[in-house]
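Just so you know, the protein sequences line up as chains B and Z, in that order. Take 1 as the starting number for the first sequence in UniProt numbering and just add one per residue. Take 1 as the starting number for the second sequence in UniProt numbering and just add one per residue.
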Amino acid sequence: MAEILLEGLSKRFGTEEVLAPLDLTIAEGSFVVVVGPSGCGKTTLLRLIAGLEEVSSGRVLIDGRDVTHTAAAARGLAMVFQSHALYPHMNVRENIGFPLKMAGRPAPEIAARVQAVASQLGLGDCLARKPCQLSGGERQRVAIGRALVRAPAAFLLDEPLSSLDAELRARMRLELARLHRALRTTMLLVTHDQIEAMTLAEQIVVLNAGRVEQTGAPLALYHAPCNRFVAGFLGSPTMNFIEGPEAERQGAHALGIRPEHLRVTRAQGLWPGRVDVIEALGAESFLHLSSGQGRLVARLDGSADLRPGETVWLTPAPAHLHRFDAAGRALPQRPG
Amino acid sequence: MSSLSPLLRKAALTLLGWSVGLTLAFPILWTALVSFRSEADALGAPAAVLAAPFTLESYAAITAGTRFTAPFVNSVLIAGGATALALLVALPAAWALALFPGPRTKALLMTILGTRMMPAVGVLVPVYLLFRDLGLLDSRAGLIVVVMLTNLPVAIWMLYGHLREIPGEIFEAARMDGAGPGAELRHVIAPLAAPGIAATALLCLILGWNEAFWTLNLSAAKAAPLSAFIAAQASPEGLFHARLCAAAMLASLPVLGLGWIGQRALVRGLTFGAVK
Numbered sequence: 001m002a003e004i005l006l007e008g009l010s011k012r013f014g015t016e017e018v019l020a021p022l023d024l025t026i027a028e029g030s031f032v033v034v035v036g037p038s039g040c041g042k043t044t045l046l047r048l049i050a051g052l053e054e055v056s057s058g059r060v061l062i063d064g065r066d067v068t069h070t071a072a073a074a075r076g077l078a079m080v081f082q083s084h085a086l087y088p089h090m091n092v093r094e095n096i097g098f099p100l101k102m103a104g105r106p107a108p109e110i111a112a113r114v115q116a117v118a119s120q121l122g123l124g125d126c127l128a129r130k131p132c133q134l135s136g137g138e139r140q141r142v143a144i145g146r147a148l149v150r151a152p153a154a155f156l157l158d159e160p161l162s163s164l165d166a167e168l169r170a171r172m173r174l175e176l177a178r179l180h181r182a183l184r185t186t187m188l189l190v191t192h193d194q195i196e197a198m199t200l201a202e203q204i205v206v207l208n209a210g211r212v213e214q215t216g217a218p219l220a221l222y223h224a225p226c227n228r229f230v231a232g233f234l235g236s237p238t239m240n241f242i243e244g245p246e247a248e249r250q251g252a253h254a255l256g257i258r259p260e261h262l263r264v265t266r267a268q269g270l271w272p273g274r275v276d277v278i279e280a281l282g283a284e285s286f287l288h289l290s291s292g293q294g295r296l297v298a299r300l301d302g303s304a305d306l307r308p309g310e311t312v313w314l315t316p317a318p319a320h321l322h323r324f325d326a327a328g329r330a331l332p333q334r335p336g
Numbered sequence: 001m002s003s004l005s006p007l008l009r010k011a012a013l014t015l016l017g018w019s020v021g022l023t024l025a026f027p028i029l030w031t032a033l034v035s036f037r038s039e040a041d042a043l044g045a046p047a048a049v050l051a052a053p054f055t056l057e058s059y060a061a062i063t064a065g066t067r068f069t070a071p072f073v074n075s076v077l078i079a080g081g082a083t084a085l086a087l088l089v090a091l092p093a094a095w096a097l098a099l100f101p102g103p104r105t106k107a108l109l110m111t112i113l114g115t116r117m118m119p120a121v122g123v124l125v126p127v128y129l130l131f132r133d134l135g136l137l138d139s140r141a142g143l144i145v146v147v148m149l150t151n152l153p154v155a156i157w158m159l160y161g162h163l164r165e166i167p168g169e170i171f172e173a174a175r176m177d178g179a180g181p182g183a184e185l186r187h188v189i190a191p192l193a194a195p196g197i198a199a200t201a202l203l204c205l206i207l208g209w210n211e212a213f214w215t216l217n218l219s220a221a222k223a224a225p226l227s228a229f230i231a232a233q234a235s236p237e238g239l240f241h242a243r244l245c246a247a248a249m250l251a252s253l254p255v256l257g258l259g260w261i262g263q264r265a266l267v268r269g270l271t272f273g274a275v276k
């Protein structure tokens, strides 16, 4: 277990700055998720911490020890790669045992620890198989097992679930959460999937174009985003943004309202709208509407009885109305 | 007509294929034939050569004493030594180029290949003078070095292609798992690149074995390999045509064998990275 401290960490490739100087504390035993669109620098950030990339400026400290110029092998961190990066010429037993072999542990100890990790991950039956003989989920677990086996100071996970299908991804997400609860080892995961970020993280770091937009607990970011980017990036369906006279009337350049905070009634409300499409998911329905404020999405109870083409009234919940200025920064909530 | 024409087409194509194949192989087949004729019969008209009696006297003449074994041993040592040395230099070079590409990697690779495109005769005089001053003329060590250098570009390019095929994340995973450069090379790179290394070694061996320009120009008697031995059959005392053919056949057998054994690895090695 370890605390990871980043001080003014930045990365340039030639003249292009992919990561602006950034300060971040990853508390001991916490689960931090760095989330952002592709190309935002999140994988670069992970590789800088891992020691797979030279830093351009700043420092990386693990438990107070400056490792900025320490080789990747000597940082005591374990990494799970997006492609899993299993050794194709080794079987599962050798793959999981490789870090211990490199650490010079005696063979009986390696065998015992590989066995323990394999049974913890449900891999007991495929120890003799090569990676090409495994399913996607098993490969994923072998990659995690290889990281797990030497009890690293921290785990670095680079989009570990993105290569899995939707069902498996949901299951592995749960397994990762369980694993973290059981181990309480520091985990840093990067992903472009905001659902992964919301469900796994104790702390989310939203990265955009090489800059940290906002850091905080998932629900804190969801309910109080500091700007339009964070507001639009977290949440699915995404937040509705309204510009024009209605926003100006409320003293803002743009208004933001989440789909679940838009009340839809037949009787009366603030804005009239027409139902275009209904996505009925069973427990809930997403209503896609056209209105004088542009296209809007509302989240309704699954039992809502509306039809496409119907005219309805929309009312945003005032307490959940977000206001943004022309630069996209969040404005304080209006009293009342 | 409609059912006959595909059959005719096939027959014509087969005929064409065999004619092209036989035409290409004709010099080799003729060499083999002449090597089994007496020196007197070998220089006759083609029809006479065909009709002449079978004899092993040329083979007997060229293998008498150590006439054949000495250049054979030289060929083994020069081709083998040059191959080992080329791999020793090319593997780390290809590893660095493939795994740590920089802005000038492409230019460097082209420069490496460019040295191979240069006509060897262009540097014959300086190399000859260097060899003379260093006392390397007619020495196996000197030939090993020069043959190694001519094969180095090919070896680097082939190994580079193979290493590029291996996903970089596997090497990074090894580094994260605590492997230093030595352990990474031994436990990850070497086993994964083994087929490529084998194909490269095979090609270097064949190229080194067949190398004639440098071996002819830089060797006399002591270090002369088989290529020089074949050429020596055309001597001031006269042209020994049947013996020359016998020497050529004997010299070709080892590489033919190697090529036969390794043809799958070789084809894979040469086309590796070309199609993905």
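No residue lacks a Cβ here, since even glycine has one placed at the ideal position from N, Cα and C. Please read all numbers here as calculations on a predicted model, not as lab measurements.
For Val-35 (chain B), the pairing in a beta bridge is given by DSSP as B:Thr-191, B:Val-206. Straight-line measurement puts the Cα of Ala-50 (chain B) at about 58 Å from the Cα of Ala-25 (chain Z).
Under the 8 Å criterion on CB atoms, Ala-199 (chain Z) is classed as non-interfacial with respect to chain B.
Legend: CB atoms of the region 90 to 102 of chain B lying less than 7 Å from CB atoms of chain Z belong to residues Phe-98, Pro-99, Met-102. Among the bridge pairs identified by DSSP, Ser-38 (chain Z) is matched with none.
For Leu-8 (chain Z), no Cβ of chain B is located within less than 8 Å of the residue's own Cβ. Excluding sequence positions up to five before and after Phe-36 (chain Z), its CB lies within less than 6 Å of the CB of Phe-54, all in the same chain and listed in chain order. Rounded to whole angstroms, the gap between the alpha carbons of Ser-10 (chain B) and Val-114 (chain B) is 37 Å. For Leu-121 (chain B), same chain residues with a beta-carbon under 7 Å away, outside a window of 5 residues either side, are Arg-141, Ile-144, Gly-145 in chain order.
In the pairwise beta carbon analysis, the region 33 to 45 of chain B is classified as touching the region 207 to 217 of chain B: at least three pairs are separated by under 8 Å. The Cβ atoms of Leu-163 (chain Z) and Trp-95 (chain Z) lie closer than 8 Å to each other. Sequence-distant Cβ neighbours of Ala-304 (chain B) in its own chain, meaning closer than 8 Å and more than five residues away, are Val-264, Ser-285, Leu-287. When the beta-carbon positions are compared, Ala-248 (chain Z) and Thr-83 (chain Z) stay at least 8 Å from each other. Under the Cβ distance rule, Gly-180 (chain Z) counts among the residues neighbouring chain B, one pair being separated by less than 8 Å.
Separation of the CB atoms of Gly-65 (chain Z) and Val-147 (chain Z) is rounded to 27 Å, and the pair is thereby denied contact status at 8 Å.
Under a criterion of Cβ atoms nearer than 9 Å, the residues of chain B adjacent to Leu-192 (chain Z) are, in order, Tyr-87, Pro-88, His-89.
The beta carbon of Pro-46 (chain Z) sits no closer than 8 Å to any beta carbon of chain B.
Against chain B, the beta carbon of Pro-167 (chain Z) has neighbours under 8 Å at Ser-83, Ala-85, listed in chain order. For Arg-105 (chain B), no chain Z residue has a C-beta closer than 9 Å to its own C-beta; the minimum C-beta separation is roughly 11 Å. Under the Cβ criterion of 8 Å, Arg-67 (chain Z) is not counted among the residues facing chain B.
Interface annotation, Leu-77 (chain B): in contact with chain Z, CB-CB separation under 8 Å. For Gln-293 (chain B), the secondary structure class from DSSP, reduced to helix, strand or coil, is coil.
Within chain B, the C-beta atoms nearer than 8 Å to that of Ala-183 (chain Z) come from Met-102, in chain order. The shortest CA-to-CA distance from Thr-111 (chain Z) to any of Z:Ile-156, Z:Phe-100, Z:Ala-141, Z:Ala-70 is the one to Z:Ile-156. DSSP places Gln-250 (chain B) in no alpha helix (DSSP H); its state is neither H nor E. Distance from Ala-223 (chain Z) to Arg-116 (chain Z) at the Cβ level is roughly 23 Å; contact not present, criterion being Cβ atoms closer than 8 Å. Taking 8 Å as the threshold, the shortest C-beta distance from Asp-177 (chain Z) to chain B falls below it.
Per the DSSP secondary-structure output, Asp-23 (chain B) pairs with nothing in a beta bridge. The beta-carbon separation of Leu-321 (chain B) and Leu-234 (chain B), rounded to 17 Å, does not stay under the 8 Å limit for a contact. In the three-state scheme derived from DSSP, where H, G and I count as helix and E and B as strand, Ile-62 (chain Z) is classed as helix.
Straight across, the Cα-Cα distance linking Trp-214 (chain Z) with Leu-256 (chain Z) is about 22 Å.
Residue-level contact by beta carbon holds for Ile-170 (chain Z) and chain B, with a gap shorter than 8 Å.
Exposed is the label assigned to Ile-28 (chain Z), since fewer than 16 other Cβ atoms lie within 10 Å of its Cβ. In terms of Cβ geometry, Met-187 (chain B) and Leu-207 (chain B) do not form a close pair [threshold 8 Å].
Here DSSP, grouped into helix, strand and coil, assigns Gly-104 (chain B) to coil. Excluding the 5 residues flanking it on each side, Gly-58 (chain B) has same chain C-beta neighbours closer than 8 Å at Leu-6, Glu-7, Gly-8, Leu-9, Ser-10, Pro-21, Leu-22, Thr-68, in chain order.
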